[in-house]
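Peer 1: Sequence positions in the sequence shown follow full-length UniProt numbering and run 1 to 180.
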Amino acid sequence: MKVVAIVGSIRKESYNLMLAQYIEKKYSNQFDLEILRLNDIPMYNQDTENEPPQSVVDFKQKVKEADAVLWVTPEYNASIPGVLGNAIDWLSRVDQVMIGKPSLIMGASMGNLGTVKAQGHLRDILFAPGLGSPVLQRNEVYVGAAHNKFDSNGNLTDESTVKFLDSVIENFVEWMKLYV
Numbered sequence: 001m002k003v004v005a006i007v008g009s010i011r012k013e014s015y016n017l018m019l020a021q022y023i024e025k026k027y028s029n030q031f032d033l034e035i036l037r038l039n040d041i042p043m044y045n046q047d048t049e050n051e052p053p054q055s056v057v058d059f060k061q062k063v064k065e066a067d068a069v070l071w072v073t074p075e076y077n078a079s080i081p082g083v084l085g086n087a088i089d090w091l092s093r094v095d096q097v098m099i100g101k102p103s104l105i106m107g108a109s110m111g112n113l114g115t116v117k118a119q120g121h122l123r124d125i126l127f128a129p130g131l132g133s134p135v136l137q138r139n140e141v142y143v144g145a146a147h148n149k150f151d152s153n154g155n156l157t158d159e160s161t162v163k164f165l166d167s168v169i170e171n172f173v174e175w176m177k178l179y180v
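#1: Below 7 Å CB to CB, which residues in the same chain sit around N148 once its five sequence neighbours on both sides are set aside?
#2: Quick check: what's the CA-CA separation for N153 versus T115?
#3: Based on Cα-Cα distance, which residue from D40, Q137, E51 and L104 lies nearest to D67?
#4: Could you spell out the range, first to last residue, of the beta strand (DSSP E) harbouring Y142?
#5: For I6, which beta-bridge partners are listed by DSSP?
#6: Quick check on the DSSP output: the alpha helix (DSSP H) that includes M176 runs from which residue to which?
#7: Please name the residue, chosen from L91, D47, M1 and M176, that lies closest to D32 on a Cα-to-Cα basis.
Take a look at the structure:
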């Protein structure tokens, strides 16, 4: 199975990027994961949506070809980052590549609650008519106090978080089989 991870942070040393990279390594025997960065995605502009820049064409094509999307988002001001909202705007328009595509949401934050508010908001957004993405329920991954849970090599070191992530990924793989 082919999964793309959309990381909602463009920060070089993002904990969310670390989380996506950790998943890419640890679960490579269960699915292929390609991490998509949003650094080169320009601001959505309805004037150019029918002939978008090549970076948008490539981004949408990778999402279209994937069996599922893993959303890995930080939380900014109790919501998703603007860069992630912008990418979602592109995905929701014209060819609407997210319709029916299964999603899993997770995130990491230095705060104790992880990214609970951002994930709730993202879940609501993914149900919008231009997206229509089913989201795996009751398997939310909130990596709070992330600065204490990753080592200098980007590995998750908190045993209970790793155990929980193992169970969520197992559930995700089984659930994805309904759609593939």
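Think of the CB as a built atom: it goes at the ideal place given N, C-alpha and C, for glycine as much as any other residue.
Peer 2: Taking the definition as stated:
#1: Closer than 7 Å at Cβ, skipping near neighbours: no residue.
#2: Distance between the alpha carbons of N153 and T115 is about 22 Å.
#3: The option with the nearest alpha carbon to D67 is L104.
#4: Residues V141 to V143.
#5: According to DSSP, which records beta bridges pairwise, I6 is partnered with L36 and W71.
#6: That run of the alpha helix (DSSP H) goes E159 to M176.
#7: Out of L91, D47, M1 and M176, M1 has the C-alpha closest to the C-alpha of D32.
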